[in-house]
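Asks: In the working numbering, the protein residues as written are 454 to 581. Backbone N, C-alpha and C fix where the C-beta goes; we use that ideal spot for every residue, glycine too.
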Amino acid sequence: MTKTELSDFYRGYIACLNARDWANLGTFVHDAAQHNGRPFMLSGYREMLEKDVREIPDLFFDIQLLIADPPHIASRIRFDVTPKGEFLGLPVNGKRVTFCENVFYEFREGKIWSVWSVIDKAAIEAQL
454 MTKTELSDFY
464 RGYIACLNAR
474 DWANLGTFVH
484 DAAQHNGRPF
494 MLSGYREMLE
504 KDVREIPDLF
514 FDIQLLIADP
524 PHIASRIRFD
534 VTPKGEFLGL
544 PVNGKRVTFC
554 ENVFYEFREG
564 KIWSVWSVID
574 KAAIEAQL
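(1) Spatial neighbours of leucine 495 within its chain, please: C-beta separation below 6 Å, excluding the five flanking residues on both sides.
(2) Using DSSP's beta-bridge definition, name the partner residues of glutamate 554.
(3) Would you mind sorting isoleucine 520 into buried or exposed? The rule is 16 or more other CB atoms within 10 Å of its CB.
(4) So, at 8 Å on beta carbons, what are the nonlocal neighbours of leucine 502 in its own chain, with the 5 sequence-adjacent residues on each side left out?
(5) Can you tell me where the beta strand (DSSP E) holding valine 482 begins and where it ends?
(6) Would a C-beta distance cut-off of 8 Å place phenylalanine 552 and isoleucine 526 closer than the cut-off?
(7) Please classify phenylalanine 540: is it buried, with 16 or more other beta-carbons within 10 angstroms of its beta-carbon, or exposed?
(8) Taking the straight line between their C-alpha atoms, what separation do you get for glutamate 562 and leucine 581?
(9) Can you tell which of Tyr466, Lys574, Ser567, Ala468 has its C-alpha closest to the C-alpha of proline 524?
(10) At which residues does the alpha helix (DSSP H) containing isoleucine 509 begin and terminate?
(11) Do you know whose CA, among Gly465, Glu559, Phe560, Val534, lies nearest arginine 401's CA?
(12) Do you know offhand how far arginine 491's Cα is from glutamate 559's?
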C-alpha cells in the first residue's frame, strides 16, 4: 500500500472502532494480531475492544496525529471519556478524563498485524 492508501485504510479502521462494527473488524485486523508483543489473534483483539467499550461506554478514538510509512503507521489518539470504574488501576469511577495514546502499527498481508501502544497514564493521574 502507498502512504495515502495506508492512511485511508487506517482511518477506516478507526471508523470501524468508533461504529462498534465488530463484525467487520477482520477487514482491518490480521487473524494473527499481536498487542504489545502478546499474541492476541483477531478474536482476542475483538474481546479487548469489547471490554474497553463496556468499561468506557463513551469511548471514541480521535486521531490527533497520523504518520504512514508503509508497512507502519504511527498515531496519536486522543480520548475524552468517562470510564465507569477503575481504569489502568486508577479509581476514575465515572469522572471525565482526557488523555492520549501513542500507537505504532505494523501491517502484514494488508491488515494490522502488530500493535504497540502506550497510554499517557500520568495525564489521567493528574486529573484525579
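Replies: Inspection of the coordinates gives the following:
(1) Residue 495 sits at position 42 when you count from the first residue of the sequence shown. Excluding positions up to five away in sequence, the list reads Gly479, Val482, Asp484, Ala486.
(2) Here residue 554 refers to the residue found at position 101 when the sequence shown is read from its first residue. DSSP lists Ile530, Ile572 as partners of glutamate 554.
(3) Position 67 of the sequence shown holds residue 520. Exposed, by the Cβ-count rule.
(4) Taking the first residue of the sequence shown as position 1, residue 502 is located at position 49. The answer, listed in chain order, is Leu470, Trp475, Leu478.
(5) Within the sequence shown, the letter at position 29 stands for residue 482. Residues 482-488.
(6) Locating residue 552 in the sequence shown gives position 99, where the first residue counts as 1. Locating residue 526 in the sequence shown gives position 73, where the first residue counts as 1. No, Cβ-Cβ distance for phenylalanine 552 and isoleucine 526 is not below 8 Å.
(7) As a first step, residue 540 must be located in the sequence shown, where it is residue number 87. Buried, since its Cβ has 16 or more Cβ neighbours within 10 Å.
(8) Locating residue 562 in the sequence shown gives position 109, counting from the first residue. Locating residue 581 in the sequence shown gives position 128, counting from the first residue. When rounded, the distance between both Cα atoms is 42 Å.
(9) Within the sequence shown, the letter at position 71 stands for residue 524. Minimum Cα distance to proline 524 is reached at Ser567.
(10) By one-based count along the sequence shown, residue 509 stands at place 56. Run containing isoleucine 509: none; DSSP gives neither H nor E here.
(11) With the chain covering 454 to 581 only, the question about residue 401 has no answer from this structure.
(12) For the purposes of this step, residue 491 is identified with residue 38 of the sequence shown, where counting begins at 1. For the purposes of this step, residue 559 is identified with residue 106 of the sequence shown, where counting begins at 1. Going by the C-alpha atoms only, they are around 14 Å apart.
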